[in-house]
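K.L.:
Note that the protein sequences, when read in sequence, are chains A and B.
The first sequence begins at 1 in our numbering and counts up by one.
The second sequence begins at 1001 in our numbering and counts up by one.
First, the structure itself, so that you have it in front of you.
Protein chains: 2
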Amino acid sequence: MQQKVHQLFAEIVDARYPRSGCAACDLRDLWCLPKGLNGDEFLQVDRIINRRKRIKRNEYLYHAGNPFHAVYALRTGFFKTLISSASGMEHVSGFHMAGELLGMDAICDDRHSCNAIALEDSELCEIPFSELEMLGRKIPALQHHFHKIMSREIFRNQLLVVLLSGMNADERLAAFLVNLSQRYGARGYSATQFQLRMTRSDIGSYLGLKLETVSRTLSKFQESGLISVHNKQLVLNDLERLKQIAERAQQALRPDPQKFEAS
Amino acid sequence: MQQKVHQLFAEIVDARYPRSGCAACDLRDLWCLPKGLNGDEFLQVDRIINRRKRIKRNEYLYHAGNPFHAVYALRTGFFKTLISSASGMEHVSGFHMAGELLGMDAICDDRHSCNAIALEDSELCEIPFSELEMLGRKIPALQHHFHKIMSREIFRNQLLVVLLSGMNADERLAAFLVNLSQRYGARGYSATQFQLRMTRSDIGSYLGLKLETVSRTLSKFQESGLISVHNKQLVLNDLERLKQIAERAQQALRPDPQKFEAS
DNA sequence: CGCACTCTTGAAGTATGTCAACTCCGGTGG
DNA sequence: CCACCGGAGTTGACATACTTCAAGAGTGCG
């Protein structure tokens, strides 16, 4: 065991040989750990994490109501989270890609408030929350990092609120596609060509539209040459114009300039 | 100084004489401090808080873009927060009452992401964030409490998202009124009779409706005897039915029951 | 007292929802 | 391998809830 620790430490020191644990994880810069941890701190973090929780497509990571004891870092795969209201109706509250953290909404009352479902076979790191807090007390940088992640989650939701209450279908879809594009891009994948992991109905639920509207709007984008869709395969032909559409909502409601040109 | 500390401590021990500081604050159970702090911990918290920051009606507590260094606990008064998108459009992202915490969306990138504007003369406690983190490292209960508050903020926003993407105007307004009612109730005010602090336009922006729709819907509620409105003065005559309306959205989309009765 | 802002109400327009029919696709079993 | 099946997606016609535009009344602050 002691030997293993030494080996791990060596890997950290020589980062060219990442083989296992957090040191090996190429996602750690995305969110998981703050920069500038020293070797010892690194090991402490590494030790509380249960690696390799595997969830197959369509399986649940947790259900709403489940007792909360850990947050989860998504290593590979793709998730959606569903808020289910009292009487069983479900609403997609988010899509989650590798490098993102799930379960933070559950801290406030010690039980999960949504369902997390894998949209493809996935692998996660389970981080027991009380131990994360404990370690945060020892490692200020870790504590602050976690606060930033939670804050970003708040911010992210606020942007979604703006989208939902101020944008029309075109703008919502465009914003959604641009967002996906950026997230894929940040992970080293193509930012202009990727698979949609979710159904039209999921997208609609997330964006506050009906699936027919999503389908129609995608078709419209395709006709105008903005994108090419074939089932779930997507190519963004004109990312810049998509961005313009996504942000036009803001122009539209300016105090009092001349009217913006028709679309 | 030392003498003052002793005096304060005495006040804590004998809670019947709350005169100043956190010990005196009748809001502390709403969010500010976890239960079960001992006297010493209490004092430590008390010491980092700058009390009595006063903001007059229509003044800003902070602007989007301002550097972040503190969160604020609202002691008395009423705030709205506005997200301003790139090009100057503004969207009401929340209303905040005594006992709530402002500024948590700013942690993630060290600058405020929204504007906070007082809707009436207000008084706040300023809590320097680095010191709050520092104290969180010493006092586990405080740390955990803060995490819960942030998590609740995430959860709150998720509910808003559900409202915005799944509910019609009646349901949104009803949910909004019920929410205000509960928050006033929790603070010891009447849960059925209160002043709206914000304009119809603010409500509309928050709920993703136009101000005319807000006005019309309020009128409709009034005609049907649900509420009585006169300008900003509001009486909820039938809180139960308002709750039913707010939650009917959930029934409406159930898998396959018989259609719900017309409104 | 008056001006600006807020609110109310009406009439007409439109984006999105609803309902329905059909096609496409992937998986399963014969 | 093909046939079949159910879920997913597309498209059209129609319905409607909300917005937009507009006019006017009410309110409150300087």
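C-beta: ideal position from N, C-alpha, C; glycine also.
Model, not experiment: these values are computed from the prediction.
1) Just to make sure I have the definition right: I need the residues of chain A whose C-beta is within less than 7 Å of the C-beta of residue 1093 of chain B. Which are they?
2) From residue 47 of chain A to residue 81 of chain A, what distance separates their C-alpha atoms?
3) So residue 98 of chain A and residue 84 of chain A are in contact, right, with Cβ under 8 Å, and what is the actual spacing, rounded?
4) If the criterion is Cβ atoms closer than 8 Å, does the pair residue 1079 of chain B and residue 1096 of chain B meet it?
5) Exposed or buried, what is residue 54 of chain A when buried is set at 16 or more other beta-carbons lying within 10 Å of its beta-carbon?
6) Got a sec: is the Cβ-Cβ distance from residue 1034 of chain B to anything in chain A below 8 Å?
7) Does the beta-carbon of residue 70 of chain A have 16 or more other beta-carbons within 10 angstroms, so that it is buried, or is it exposed?
8) Once the 5 residues before and after residue 108 of chain A are set aside, which same chain residues still bring their CB inside 8 Å of it?
9) Is DSSP giving residue 1033 of chain B helix, strand or coil here?
10) Is there at least one Cβ from chain A nearer than 8 Å to residue 956 of chain B's Cβ?
11) Using a Cβ-Cβ cut-off of 8 Å, state whether residue 140 of chain A counts as contacting chain B.
12) Please confirm if residue 1133 of chain B has its CB atom under 8 Å from at least one CB of chain A.
13) Tell me the residue span of the alpha helix (DSSP H) that contains residue 26 of chain A.
14) I need the straight-line Cα distance from residue 214 of chain A to residue 1169 of chain B, nearest angstrom please.
15) Is the region 1170-1190 of chain B touching the region 121-134 of chain A, taking contact as three or more C-beta pairs under 8 Å?
16) Check whether the region 174-193 of chain A touches the region 1142-1162 of chain B, counting contact only when three or more Cβ pairs, one atom from each stretch, lie closer than 8 Å.
17) Say whether the region 1213-1232 of chain B touches the region 1194-1204 of chain B, bearing in mind that this needs 3 or more beta-carbon pairs closer than 8 Å, one atom from each stretch.
18) Does residue 1097 of chain B get closer than 8 Å to chain A when you measure Cβ to Cβ?
19) How is residue 167 of chain A classed by DSSP in three states: helix, strand or coil?
20) For a quick check, are the C-beta atoms of residue 61 of chain A and residue 118 of chain A less than 8 Å apart?
21) Considering Cα atoms alone, identify which of A:56, A:93 and A:37 is closest to residue 77 of chain A.
22) Hey, quick one: how far does the alpha helix (DSSP H) through residue 129 of chain A stretch, first residue to last?
23) Kindly identify the DSSP beta-bridge partner or partners of residue 125 of chain A.
24) Within a Cβ cutoff of 8 Å, which residues of the same chain sit near residue 14 of chain A, ignoring the five residues on either side of it in sequence?
25) Give the residues of chain A in contact with residue 1198 of chain B, contact being defined as C-beta atoms less than 9 Å apart.
26) At what residues does the beta strand (DSSP E) containing residue 228 of chain A begin and finish?
27) Output yes or no for whether 8 Å exceeds the beta carbon distance between residue 104 of chain A and residue 1093 of chain B.
28) Under 8 Å between C-beta atoms, does residue 1171 of chain B make it to chain A?
29) Using DSSP with H/G/I as helix, E/B as strand and the rest coil, what is residue 191 of chain A?
30) State buried or exposed for residue 247 of chain A, treating a residue as buried only when at least 16 other CB atoms are found within 10 Å of its CB.
31) Taking the straight line between their C-alpha atoms, what separation do you get for residue 44 of chain A and residue 218 of chain A?
32) Look at the alpha carbon of residue 134 of chain A and the alpha carbon of residue 122 of chain A, and state the distance between them as a whole number of angstroms.
33) Name the two residues that bound the continuous beta strand (DSSP E) containing residue 65 of chain A.
34) Taking all protein chains shown into account, decide if residue 100 of chain A is buried (16 or more other Cβ within 10 angstroms of its Cβ) or exposed.
35) For residue 163 of chain A, count neighbouring C-beta atoms within 10 Å of its own C-beta (all shown protein chains included) and say buried if the count is 16 or more, exposed if not.
36) Closer than 8 Å, CB to CB, is residue 243 of chain A near chain B or not?
P.N.:
Looking at the atomic coordinates:
1) To locate residue 1093 of chain B, count along the second sequence from 1; it is residue 93. 158 and 161, listed in chain order.
2) Translated into the one-based positions of the first sequence, residue 47 of chain A becomes position 47. Translated into the one-based positions of the first sequence, residue 81 of chain A becomes position 81. So the alpha carbons of these two residues sit roughly 28 Å apart.
3) Position 98 of the first sequence, counted from the first residue, corresponds to residue 98 of chain A. Position 84 of the first sequence, counted from the first residue, corresponds to residue 84 of chain A. Incorrect: roughly 25 Å between the Cβ atoms, too far for contact.
4) To locate residue 1079 of chain B, count along the second sequence from 1; it is residue 79. To locate residue 1096 of chain B, count along the second sequence from 1; it is residue 96. Closer than 8 Å, so yes.
5) Mapped onto the first sequence, residue 54 of chain A falls at position 54. Exposed: under 16 other Cβ atoms inside 10 Å.
6) Translated into the one-based positions of the second sequence, residue 1034 of chain B becomes position 34. For residue 1034 of chain B, the answer is no, since every Cβ of chain A falls outside 8 Å of its Cβ.
7) Start at 1 with the first residue of the first sequence, and residue 70 of chain A comes out as number 70. It is buried - the Cβ of residue 70 of chain A has at least 16 other Cβ atoms within 10 Å.
8) For the purposes of this step, residue 108 of chain A is identified with residue 108 of the first sequence, where counting begins at 1. Taken in chain order, the list of residues that qualify is empty.
9) Within the second sequence, the letter at position 33 stands for residue 1033 of chain B. Coil at residue 1033 of chain B, not helix or strand.
10) Outside the displayed span of chain B (1001 to 1263) sits residue 956 of chain B, for which this structure offers no information.
11) Within the first sequence, the letter at position 140 stands for residue 140 of chain A. Cβ-Cβ to chain B under 8 Å: yes for residue 140 of chain A.
12) To locate residue 1133 of chain B, count along the second sequence from 1; it is residue 133. Yes - at least one Cβ of chain A is within 8 Å of the one on residue 1133 of chain B.
13) Your numbering for residue 26 of chain A matches position 26 in the first sequence. Residue 26 of chain A -> no alpha helix (DSSP H), and no H or E assigned at all.
14) Position 214 of the first sequence, counting from 1, holds the residue named residue 214 of chain A. Position 169 of the second sequence, counting from 1, holds the residue named residue 1169 of chain B. If I take the Cα positions, the gap works out to 22 Å.
15) no
16) no
17) yes
18) Residue 1097 of chain B sits at position 97 when you count from the first residue of the second sequence. Not one chain A Cβ lies under 8 Å of residue 1097 of chain B.
19) For the purposes of this step, residue 167 of chain A is taken as residue 167 along the first sequence, with counting starting at 1. In the structure shown, residue 167 of chain A sits in coil (DSSP, three-state: anything other than H, G, I, E or B).
20) For the purposes of this step, residue 61 of chain A is taken as residue 61 along the first sequence, with counting starting at 1. For the purposes of this step, residue 118 of chain A is taken as residue 118 along the first sequence, with counting starting at 1. Cβ atoms of residue 61 of chain A and residue 118 of chain A: closer than 8 Å.
21) Locating residue 77 of chain A in the first sequence gives position 77, counting from the first residue. Out of A:56, A:93 and A:37, A:56 has the C-alpha closest to the C-alpha of residue 77 of chain A.
22) Position 129 of the first sequence holds residue 129 of chain A. Segment 129-138, the alpha helix (DSSP H) holding residue 129 of chain A.
23) One-based indexing of the first sequence puts residue 125 of chain A at position 125. Paired residues: A:73.
24) As a working note, residue 14 of chain A is residue 14 in the first sequence. Residue confidence for residue 14 of chain A is low, a pLDDT of 45 falling below 50, so the modelled location carries little weight; the figure read from the coordinates is stated next. Excluding positions up to five away in sequence, the list is empty.
25) Your numbering for residue 1198 of chain B matches position 198 in the second sequence. Residues of chain A passing the Cβ test: none, with the nearest at roughly 15 Å.
26) To locate residue 228 of chain A, count along the first sequence from 1; it is residue 228. Note, residue 228 of chain A: beta strand (DSSP E), 227-230.
27) For this step, residue 104 of chain A is matched to residue 104 along the first sequence. For this step, residue 1093 of chain B is matched to residue 93 along the second sequence. No, Cβ-Cβ distance for residue 104 of chain A and residue 1093 of chain B is not below 8 Å.
28) Here the question's residue 1171 of chain B lines up with position 171 in the second sequence. False, the Cβ-Cβ gap to chain A never drops below 8 Å.
29) One-based indexing of the first sequence puts residue 191 of chain A at position 191. Of the three classes helix, strand and coil, the one that applies to residue 191 of chain A here is coil, per DSSP.
30) Here residue 247 of chain A refers to the residue found at position 247 of the first sequence. Residue 247 of chain A comes out buried.
31) Locating residue 44 of chain A in the first sequence gives position 44, where the first residue counts as 1. Locating residue 218 of chain A in the first sequence gives position 218, where the first residue counts as 1. Taking the straight line from one Cα to the other gives about 47 Å.
32) Your numbering for residue 134 of chain A matches position 134 in the first sequence. Your numbering for residue 122 of chain A matches position 122 in the first sequence. Each residue's Cα considered, the two are about 28 Å apart.
33) Your numbering for residue 65 of chain A matches position 65 in the first sequence. First-last for residue 65 of chain A: undefined, no H or E at that position.
34) Here residue 100 of chain A refers to the residue found at position 100 of the first sequence. When all chains shown are included, residue 100 of chain A counts as buried.
35) In the first sequence, residue 163 of chain A corresponds to position 163, counting from 1. Buried, because 16 or more other Cβ atoms sit within 10 Å of the Cβ of residue 163 of chain A.
36) For this step, residue 243 of chain A is matched to residue 243 along the first sequence. Not closer than 8 Å to any Cβ of chain B, the Cβ of residue 243 of chain A fails to qualify, so no.
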